[in-house]
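The numbering of the sequence shown is our numbering, which starts it at 272 and goes up by one. Where is the CB? At the ideal position from N, CA and C, for every residue including glycine. One structure is given here, and the rest of the page talks about it.
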Amino acid sequence: MEHASTGSPARVHDLDSTNGQVVNGNSEQIILYGGKHVMLSYNWNSQALVSKMYQILKDENIPIWFDIQGGMKQNIYESMADGVENAAVVCCFMTPDYEKSENCKLELQYAKKRGKRIIPCILGDKAWKPSSWLGLITAGEQYINLRDESVENICLKTKELIGRIKEQSPTSQLLDEPSYLFELIRLEYKRNSHIERIMNPAKFVSIEQSYINLAIVEMKEQQETEKKLRDAHKNDAIMGTFEQIYGVKTVVDVKDIFNQCNDQTKNVLVLGRAGIGKSTFCQYIAYQWATGAIWP
């Protein structure tokens, strides 16, 4: 995003080579576009290095969102809404652990979805390169190389980072609060792409491989039929199978389950005994919606 600097450009602090402390320098405050901040997105295994970068940026009067410095809340969505929505720039610190992290993936994908400027910083093994989802998001971006964690390189690369931050121009989409919460919910449902086994959660199957044989019955029809059966039996005996109560099942496509709902707010009540597949069915529907397979 576009940044305006009041006064002269910021000067990067030096790090004391013996204890890693920041030696203060003189700089004017850097004002980011729209009064926003720079968000630091990282995996916890990189916290030591990111903390050093944070301290330098902070002492250069750059507004920073850093989770361990008051940015993180109990609710991940609230934290992400604060961190990403109010960010002019998102600096991601890429490592193999970052790429494997579901939370990091959710965070950066959401930043990309919202049109935030992303500055990738690469850490760790010189042979490693981002791939998969991380490679797609950062493709074409110039990485800031932090593989060398020496004091000299950190100072040099932080100066480069500050220059990149100041160069950004505003491109983020203007969505109202319900819209971005909507997108967060969609991304979270997309993460729930598998079903864990109760006895061994380490083993799971894809939600795409699930099959639940459920039937849809309108409430009015259900109530009238069950009332007749109760009146006929006058006891609490089991009334029988679905076919015995309602007749032949009618196949209904998942995307059509709300067709009979006439109200503006559409609801479907899922009933059944424990273990029959109610939760799995709801998870499957939510995943299908999140991926755009139904109700895009």
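Nearest neighbour of residue i, chosen from the options [CA to CA]
i	options	result
Q480	E331, F552, K307, V539	F552
Y555	A410, L542, Y460, A545	Y460
I466	K549, M310, V355	K549
I415	K397, L540, W404, S403	K397
K430	A557, A564, D330, D534	D330
A564	A473, F475, R457	R457
I393	S372, K371, C362	C362
L452	R385, K371, G546	R385
N357	V309, A319, N332	V309
Other residues of its chain near residue i: CB distance less than 8 Å, five sequence neighbours each side excluded
i	result
L455	Y348, M351, A352, Y381
E373	R462
Whole-angstrom C-beta distance between residue j and residue i, which should lie under 8 Å
i	j	result
K428	L417	6 Å
V321	L311	6 Å
Y313	Y369	7 Å
K307	A359	4 Å
V355	K323	Not really, about 23 Å apart at Cβ, beyond 8 Å.
Distance between residue j and residue i (C-alpha atoms, nearest Å)
i	j	result
Q292	E423	Any answer about Q292 is weak, because its pLDDT of 36 lies below 50 and its placement is not dependable; what the coordinates show is given next. Each residue's Cα considered, the two are about 13 Å apart.
C426	L432	10 Å
S464	K526	18 Å
D419	M470	45 Å
K537	D524	16 Å
F529	V539	7 Å
T562	I335	33 Å
E495	W315	58 Å
R468	T409	34 Å
P472	I478	14 Å
L303	K383	19 Å
Q559	V476	16 Å
Proximal residues to residue i (C-beta, below 6 Å), its chain only, five neighbours per side dropped
i	result
I339	none
R435	I390
A557	Y460
L405	E370
Sub-9 Å separation of residue i and residue j beta-carbons
i	j	result
F364	S317	yes
L407	R462	no
T366	G411	no
Own chain residues within Cβ distance below 7 Å of residue i, not counting five before or after
i	result
C532	N538
F337	L311, Y325
C375	S312, N314, Y369
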